[in-house]
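K.L.:
Sending over a structure as structure tokens; questions will come in a sec.
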Amino acid sequence: MNRITELFKIKYPIIQGGMIWCSGWELASAVSNAGGLGLIGSGSMYPDVLHEHIRKCKVATKNPFGVNLPLLYPQTEEHIDIIIKEKVKIVFTSAGNPKKYTSYFKQHGITVVHVVANVKFAKKCEEAGVDAIVAEGFEAGGHNGFEETTTMTLIPMVRKAVSIPLIAAGGIASGRSMLAAMILGADGVQIGSRFAASSESSGHINFKQKIVEAQDGDTKLTLKQLIPVRLIKNKFFNEVQTAEYNGTSIEGLKKLLGHGRAKSGMFEGDVNEGELEIGQVSG
0 MNRITELFKI KYPIIQGGMI WCSGWELASA VSNAGGLGLI GSGSMYPDVL HEHIRKCKVA
60 TKNPFGVNLP LLYPQTEEHI DIIIKEKVKI VFTSAGNPKK YTSYFKQHGI TVVHVVANVK
120 FAKKCEEAGV DAIVAEGFEA GGHNGFEETT TMTLIPMVRK AVSIPLIAAG GIASGRSMLA
180 AMILGADGVQ IGSRFAASSE SSGHINFKQK IVEAQDGDTK LTLKQLIPVR LIKNKFFNEV
240 QTAEYNGTSI EGLKKLLGHG RAKSGMFEGD VNEGELEIGQ VSG
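For the sequence shown, numbering that gives the first Met the number 0 gives the first residue as 0, with consecutive numbering after it.
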């Protein structure tokens with residue numbers, strides 16, 4: 000037992016990242032049934048879809064599970080209402096101010112964890128009253144912090160700055176990397192890319208194949224002036240790079256991303272022109 004297993008009432012201090020288009024009820028329940036903490040990724044779900052996934056997860060596992068809730072989407076308030084209504088006990092928030100909803104969640108008996116990419120926001124999370132922090136290095140797939148701080152550098156700095164339980168994320172996919180993170184000061188780890196390629200993941204088989212075939216250098220951080228995101232290099236990635244190089248406006252970049260590219264790539268299997276969010280640890 001350690002602080003993470005005690006906090007979440009789980010057997011192993013391993014959290015499955017709540018990834019868009021990959022982390023549905025099947026993956027979350029499988030991880031929870033195996034003794035970790037499964038998370039439903041609400042970022043790619045309409046409210047009614049999230050509701051369905053929570054209900055199915057309740058049937059599929061009697062062990063603790065949670066919902067990952069990015070705070071940048073317009074349906075956030077509706078998602079929160081569903082989480083409260085369905086009595087979900089654990090919520091991981093990200094991409095927003097932890098002060099905004101933490102006290103409200105805690106009033107409803109919910110354990111709150113917030114994802115950060117630097118020491119400054121780790122301190123703000125502790126001040127806001129969150130129960131634990133995920134410190135995510137820029138090796139991670141999907142959206143990242145602007146600092147480009149590696150997990151190995153970030154974890155000891157955050158550990159020194161805060162006293163609450165600390166979960167390491169970014170570039171972790173094995174027992175060896177988990178041990179390394181815990182030696183650096185983490186109480187547990189969050190793993191995304193490895194679970195995204197699992198049979199229980201709702202990601203398309205074409206996307207999963209790209210994950211396991213990836214070599215070092217096949218992913219790269221892009222969209223640094225908008226919101227940094229790590230992608231597998233493909234035709235879509237090249238479009239984004241060209242747009243940035245040509246000085247495309249923020250609105251133009253948003254429009255480029257606003258055509259369902261992540262869904263088409265990760266969920267529907269268009270691995271050439273779709274957006275493929277995954278971490279450096281792929282392969």
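Heads up, the beta-carbon is just placed ideally off N, CA and C, and yes, glycines get one too.
Note that the structure is a prediction, hence the values are computed from the model and not measured.
So what does Val-112 bridge to, in DSSP terms?
P.N.:
Start at 1 with the first residue of the sequence shown, and residue 112 comes out as number 113. Paired residues: Phe-91, Ala-131.
K.L.:
Strictly by DSSP, which residues pair up with Thr-15?
P.N.:
Within the sequence shown, numbered from 1, the residue matching residue 15 stands at position 16. Note on identity: in this sequence residue 15 is Gln, with Thr being the wrong assignment. DSSP lists Ile-190 as partners of Gln-15.
K.L.:
Enumerate, from N- to C-terminal direction, the unbroken alpha helix (DSSP H) stretches of 4 or more residues contained entirely within the segment 179-234.
P.N.:
192-195, 204-212
K.L.:
With Val-90 and Leu-68 assumed to form a contact (beta carbons below 8 Å), what rounded beta-carbon distance in angstroms separates them?
P.N.:
As a working note, residue 90 is residue 91 in the sequence shown. As a working note, residue 68 is residue 69 in the sequence shown. 6 Å between Cβ atoms; contact.
K.L.:
What does a CB cutoff of less than 8 Å around Asn-1 pick up in its chain, not counting 5 residues either side in sequence?
P.N.:
Locating residue 1 in the sequence shown gives position 2, counting from the first residue. So the list reads Pro-12, Asp-186, Gly-187, once near-sequence residues are dropped.
K.L.:
Under 8 Å: do the segment 132-143 and the segment 100-110 share three or more Cβ pairs, one atom per stretch?
P.N.:
no
K.L.:
Closest by CA to Leu-36, which one among Trp-20, Arg-54, Phe-7?
P.N.:
The residue given as residue 36 occupies position 37 in the sequence shown. The option with the nearest alpha carbon to Leu-36 is Phe-7.
K.L.:
Leaving aside the five residues before and after Thr-247 along the sequence, list all residues of the same chain whose C-beta is less than 8 Å from its C-beta, in chain order.
P.N.:
Looking up residue 247 in the sequence shown gives position 248. Answer for Thr-247: Leu-255, listed in chain order.
K.L.:
Near Ile-105, what residues of its chain come up, given a Cβ to Cβ distance below 7 Å and the 5 sequence neighbours on each side ignored?
P.N.:
One-based indexing of the sequence shown puts residue 105 at position 106. The question names Ile, but residue 105 is Lys in the sequence shown. For Lys-105, where only same-chain residues beyond five positions count, the Cβ hits under 7 Å are Val-111, Gly-128.
K.L.:
Express the C-alpha separation of Val-118 and Glu-76 in angstroms, rounding to a whole number.
P.N.:
Here residue 76 is taken as the residue at index 77 of the sequence shown, counted from 1. Here residue 118 is taken as the residue at index 119 of the sequence shown, counted from 1. If you take the alpha carbons of Glu-76 and Val-118, they lie about 28 Å apart.
K.L.:
When the distance is taken between beta carbons, is Leu-275 closer than 8 Å to Gly-264?
P.N.:
For the purposes of this step, residue 264 is taken as the residue at position 265 of the sequence shown. For the purposes of this step, residue 275 is taken as the residue at position 276 of the sequence shown. The answer is yes: Cβ separation under 8 Å.
K.L.:
Do the CB positions of His-142 and Cys-124 come within less than 8 Å of each other?
P.N.:
Numbered from its first residue, the sequence shown carries residue 142 at position 143. Numbered from its first residue, the sequence shown carries residue 124 at position 125. Judged by beta-carbon spacing, Cys-124 lies beyond the 8 Å limit of His-142, meaning their Cβ atoms are not closer than that value.
K.L.:
Going by other Cβ atoms of all chains shown within 10 Å of its Cβ, with 16 needed for buried, is His-107 buried or exposed?
P.N.:
Stepping through the sequence shown from its first residue, residue 107 is reached at position 108. Burial call: exposed.
K.L.:
Whose CA, out of Asn-233, Lys-159, Ala-139, lies closest to the CA of Thr-334?
P.N.:
The requested residue 334 is not part of the displayed model; the chain covers only 0 to 282.
K.L.:
Scan the segment 134-170 and note each continuous alpha helix (DSSP H) run of 4 residues or more that stays entirely inside, going in chain order.
P.N.:
Fully enclosed alpha helix (DSSP H) runs of 4 or longer: 150-160.
K.L.:
Closer than 8 Å is the cut-off here; do at least three beta carbon pairs connect the segment 47-61 with the segment 24-31?
P.N.:
yes
K.L.:
Just curious, the beta strand (DSSP E) that Pro-69 is in, first and last residue?
P.N.:
Taking the first residue of the sequence shown as 1, we reach residue 69 at position 70. Here the beta strand (DSSP E) through Pro-69 covers 64-69.
K.L.:
Would you say Trp-24 faces chain B, with C-beta separation under 8 Å as the test?
P.N.:
No chain B is part of this structure, which consists of one protein chain only.
K.L.:
Quick one: measure Cβ to Cβ for Glu-243 and Gln-224, integer angstroms, because I've assumed they're closer than 8 Å.
P.N.:
Translated into the one-based positions of the sequence shown, residue 243 becomes position 244. Translated into the one-based positions of the sequence shown, residue 224 becomes position 225. Yes, they are in contact, since the Cβ atoms of Glu-243 and Gln-224 sit about 7 Å apart, within 8 Å.
K.L.:
The beta strand (DSSP E) with Leu-38 in it runs from where to where?
P.N.:
The residue you call residue 38 lines up with position 39 of the sequence shown. Counting along the chain, the beta strand (DSSP E) containing Leu-38 begins and ends at 37-40.
K.L.:
Where does the unbroken alpha helix (DSSP H) through Asn-32 begin, and where does it stop?
P.N.:
Sequence index remark: in the sequence shown, residue 32 carries index 33 (1-based). 24-32 is the extent of the alpha helix (DSSP H) around Asn-32.
K.L.:
Which first and last residues belong to the alpha helix (DSSP H) in which Ser-248 is found?
P.N.:
Your numbering for residue 248 matches position 249 in the sequence shown. No alpha helix (DSSP H) contains Ser-248, which DSSP labels as neither H nor E.
K.L.:
Assuming His-107 is part of the alpha helix (DSSP H), what are its boundary residues?
P.N.:
Stepping through the sequence shown from its first residue, residue 107 is reached at position 108. No alpha helix (DSSP H) holds His-107; DSSP gives it neither H nor E.
K.L.:
Hey, quick one: how far does the alpha helix (DSSP H) through Val-58 stretch, first residue to last?
P.N.:
Here residue 58 corresponds to residue number 59 of the sequence shown, with the count starting at 1. That run of the alpha helix (DSSP H) goes 46-59.
K.L.:
Hey, out of Lys-207, Gly-16, Phe-145, whose CA is closest to Asp-269's CA?
P.N.:
Position 270 of the sequence shown, counted from the first residue, corresponds to residue 269. Ranking the options by Cα distance to Asp-269, first place goes to Lys-207.
K.L.:
Run through DSSP, which three-state label would Glu-5 get?
P.N.:
Here the question's residue 5 lines up with position 6 in the sequence shown. Helix at Glu-5.
K.L.:
For Phe-194, count the other beta carbons within 10 Å of its own beta carbon; 16 or more makes it buried, fewer makes it exposed. Which is it?
P.N.:
On the sequence shown, residue 194 is found 195 positions in, with the first residue counted as 1. The residue in question, Phe-194, is buried, as its Cβ has 16 or more Cβ neighbours within 10 Å.
K.L.:
Can you tell me which of Ala-116, Gly-95, Arg-54 puts its alpha carbon nearest to the alpha carbon of Lys-86?
P.N.:
As a position in the sequence shown, residue 86 is number 87, starting the count at 1. For the residues Ala-116, Gly-95, Arg-54, the minimum Cα distance to Lys-86 belongs to Arg-54.
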